[in-house]
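For reference, the structure discussed in these notes is given below.
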Amino acid sequence: GQQLNQSPQSMFIQEGEDVSMNCTSSSIFNTWLWYKQDPGEGPVLLIALYKAGELTSNGRLTAQFGITRKDSFLNISASIPSDVGIYFCAGRLGNAGNMLTFGGGTRLMVKP
Amino acid sequence: EAGVTQSPTHLIKTRGQQATLRCSPISGHTSVYWYQQALGLGLQFLLWYDEGEERNRGNFPPRFSGRQFPNYSSELNVNALELEDSALYLCASSLAQPRETQYFGPGTRLLVL
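Dropping the structure here:
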């Protein structure tokens, strides 16, 4: 089946530092999404990307849809303790309706 | 506006039993999706229902099944439970059109002993 390779698997950073994580795929996606999951809760959508090359920001978060349509990255600037959680990328194939394929997640830990 | 709700929040079963998980979508949403999240892993797509019909199915055995009711709520049934079925089961809902955002519920944590 389709797979998204997400890296890094985990990060332990100091408050105030910038964070970067990315996802790559062997398949072309027509949509890339980034979600955050807090403990005991479902994932919450952070950013949606619909066009190759698209760069979108949401506060301190910035994500880009790769030109090849096979990758995406998420940057978090000036991290704060509440950024702690697991970040997932997800992609939607053009021929798979609304079904999403998820990456394995990046666990972010922020030291105050 | 109420979000996606799921019940129960936790479920403990023994191997061989059946489990039924329930999901109520956001009002107005007609599509419901089920995902399995094993401990420490990403989400694996299970099932997609829209307008009462199964639209797509992930790579899971037939003992994972479900249905969508006329009010768009959904059930996920897992028969002949196995230890490795222990996971967080997440339900999401969306409007039917392509590119519509999926909103997730808090999940049901299933433990099979």
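Going line by line, the protein sequences match chains A and B. Letter by letter, the first sequence follows residues 1 to 112 of the working numbering. Letter by letter, the second sequence follows residues 1 to 113 of the working numbering. Note that CB positions come from ideal geometry on N, CA and C, so glycine has one too. Note that the structure is predicted; figures quoted are calculated from it, not measured.
Proximity of chain B to A:P112 at the Cβ level (cut-off 7 Å) is not reached, the minimal Cβ distance being about 25 Å.
Between A:Q37 and the set A:S82, A:L93, A:I13, the nearest pair of CA atoms involves A:S82.
Here B:E84 carries a helix assignment [DSSP, helix/strand/coil].
Contact between the stretch 2-11 of chain B and the stretch 16-25 of chain A is not established, with fewer than three Cβ pairs separated by less than 8 Å. Just so you know, the alpha carbons of A:S72 and B:F104 end up roughly 22 Å apart. Rounded to the nearest whole angstrom, the CA to CA distance from B:S7 to B:L83 is 21 Å. Taking the Cα of A:G16 as reference, the smallest distance to any Cα among A:R60, A:G91, A:M99 is reached at A:R60. Spanning the alpha carbons of B:G42 and B:P70 requires a straight line of approximately 31 Å. Contact with chain B is found for A:P43, since one of that chain's Cβ atoms lies less than 8 Å from the residue's Cβ. Note on A:T68: under 16 other CB atoms within 10 angstroms of its CB, so exposed under the neighbour-count rule. Remark: C-beta atoms of A:Q9 and A:K111 do not approach each other more closely than 8 Å. Annotation: the stretch 36-111 of chain B contains the following complete segments of the beta strand (DSSP E) (minimum length 3 residues), in chain order: 43-50, 53-57, 64-68, 74-78, 87-94. A:K36 is bridged by DSSP to A:V44, A:Y87. CA-CA distance, A:M109 to B:S86, rounds to 26 Å. Across the structure, A:W34 and A:F88 are spaced so that their CA atoms are roughly 6 Å apart.
According to DSSP, residue pairing for B:L113 in a beta bridge does not occur.
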